[in-house]
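Mapped onto mature numbering (1 follows the signal peptide of the UniProt record, and there is no 0), the consecutive letters of the sequence shown carry residue numbers -34 to -1, 1 to 124.
This report concerns only the one structure given below.
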Amino acid sequence: MKFIVTGLGIRRARAALATFGVILLAACTSAAQASPYVMFRDPQCGCCGEWAKHVRTGLDHEVTVREDRPMAEVKADAGVPDDLISCHTMEVDGYVIEGHVPAREIARLLEERPDGVTGLAVAGMPLGSPGMEVGGRVQPYQVIAFGPAGERVFASYP
């Protein structure tokens, strides 16, 4: 069986293909922008909510909060090293964010996408880190990148 395409048919086919391409591109862009930010936390922790507000504001993105899994299980499943554990864990765009990581470092991670990095962590709960602001007191802390390539300092504060 042969199909004969006239000049008008070719134009329509090209127009339909171009329209499909634009729709596909828009869908991919929306999917990337709609990537969920899911934070797991213990319901008894107050600083986690403050950190989520910091992320919402700093990254202009909604954060879904879940309190339905044991935190030890969440951290183990996410591959958070024991020496980097903090109070909450967020999953975003294939990365793990552990603890009070500043929004600008999360944005940098998502932009740079360094090889061998599974996520970022701020171990413990240092005063002055996002969500841990207490009367202007600040403790120095580091944001650590972790993953198959090991651990390294990603940023230092203040």
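Quick reminder that beta carbons are idealized off the backbone N, C-alpha and C, glycines included.
Since the structure is predicted, the reported quantities are computational estimates derived from the model, not experimental observations.
query: What is the DSSP secondary structure of Thr23, counted as helix, strand or coil?
result: Against the sequence shown, residue 23 aligns to sequence position 57. Thr23 falls in the helix class under three-state DSSP.
message: Only counting the same chain, and skipping five residues up and downstream in sequence, which positions put a Cβ closer than 8 Å to that of Val109?
response: Here residue 109 refers to the residue found at position 143 when the sequence shown is read from its first residue. Cβ within range, chain order: Val67, Pro68, Glu71, Leu86, Ala87, Val88, Val119, Phe120, Ala121, Ser122, Tyr123.
query: How would you label Glu39, buried or exposed, when you count the other beta carbons within 10 angstroms and need 16 or more for buried?
result: In the sequence shown, residue 39 corresponds to position 73, counting from 1. By the neighbour-count rule (16 or more Cβ atoms within 10 Å), Glu39 is not buried but exposed.
query: What is the rounded straight-line gap between the Cα of Gln10 and the Cα of Val83?
result: Taking the first residue of the sequence shown as 1, we reach residue 10 at position 44. Taking the first residue of the sequence shown as 1, we reach residue 83 at position 117. Approximately 30 Å between the Cα atoms of the pair.
Boundaries (first-last residue) of the beta strand (DSSP E) holding Ile51: Taking the sequence shown and counting its residues from 1, one reaches residue 51 at position 85. Looking at the DSSP string, Ile51 is not in any beta strand (DSSP E), and its letter there is neither H nor E.
query: Is Glu57 buried or exposed, if buried means 16 or more other CB atoms sit within 10 Å of its CB?
result: The count along the sequence shown starts at 1 and reaches residue 57 at position 91. Flag for Glu57 reads buried.
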